[in-house]
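If you use our numbering, the sequence shown corresponds to residues 65 to 185, in order.
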Amino acid sequence: MKKILSIAAFLAVAGCSTIAADGPVKTMDGVLTGAGGMTLYTFDRDTAGNGKSVCNGPCATNWPPLMASQAPGGDYSLVTRDDGKTQLAYKGKPLYYWAKDTKPGDKTGEGVNQVWHAARP
65 MKKILSIAAF LAVAGCSTIA ADGPVKTMDG VLTGAGGMTL YTFDRDTAGN GKSVCNGPCA
125 TNWPPLMASQ APGGDYSLVT RDDGKTQLAY KGKPLYYWAK DTKPGDKTGE GVNQVWHAAR
185 P
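Quick look at the structure:
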């Protein structure tokens, strides 16, 4: 049963990550959160301000991008992915969910391979 709930939570997050995220990103417990209060992450291999994401293909399966059709302004902008779709970025760094976070407030992606970090305001 727990495995089914985990899979359902993953699919919910993955599904939300592909829908236009025109609503505001929020801050919860010191980190940026997206749909349903799920933690957002940045990737050290992305270069801030270059307008691209380097996490594509299998990487994006584990780290679903926060897709958006427009940025809310301020420190937020859009980057263009390899498939031509746009992803929300904070201070030039693309934002991602982590597929293994199962509930709001989870930060299990923090420090993965020493290159993934919870996005902080």
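Ideal Cβ placement from N, Cα and C applies to all residues, glycine included.
| query | Hey, out of 127, 156, 124, 171, whose CA is closest to residue 12's CA? | reply | Absent from the structure is residue 12, since the part of the chain shown begins at 65 and ends at 185.
| query | Hey, quick one: how far does the alpha helix (DSSP H) through residue 125 stretch, first residue to last? | reply | 122–126
| query | Can you list the alpha helix (DSSP H) stretches of 4 or more residues lying completely in the segment 111–170, in chain order? | reply | 122–126
| request: Using three-state DSSP, classify residue 226 as helix, strand or coil. | output: Residue 226 lies beyond the stretch modelled for the chain, which goes from 65 to 185, so this question has no answer here.
| Rounded separation between residue 187 and residue 138 - CA only | This structure cannot speak to residue 187, because the chain is shown only from 65 to 185.
| task | Would you kindly check if the distance between the Cβ of residue 104 and the Cβ of residue 98 is under 8 Å? | result | yes
| So, are the CB atoms of residue 126 and residue 163 less than 8 Å apart? | yes
| Opposite residue 106 in the DSSP bridges: which residues? | 181
| query | Among the residues of its own chain, which have a CB less than 7 Å from the CB of residue 185, if the five just before and after it don't count? | reply | 91, 96
| message | On the CB-based measure, 16 or more other CB atoms within 10 Å of its CB, does residue 88 come out buried or exposed? | response | exposed
| task | Counting only the same chain and skipping the five closest in sequence on each side, list residues whose C-beta sits under 7 Å from that of residue 93. | result | 169
| task | Go through its chain and collect everything with a Cβ distance to residue 119's Cβ below 6 Å, but skip five positions before and after it. | result | 107, 127
| request: Check the DSSP bridge columns for residue 91 and list the partner residues they point to. | output: 96
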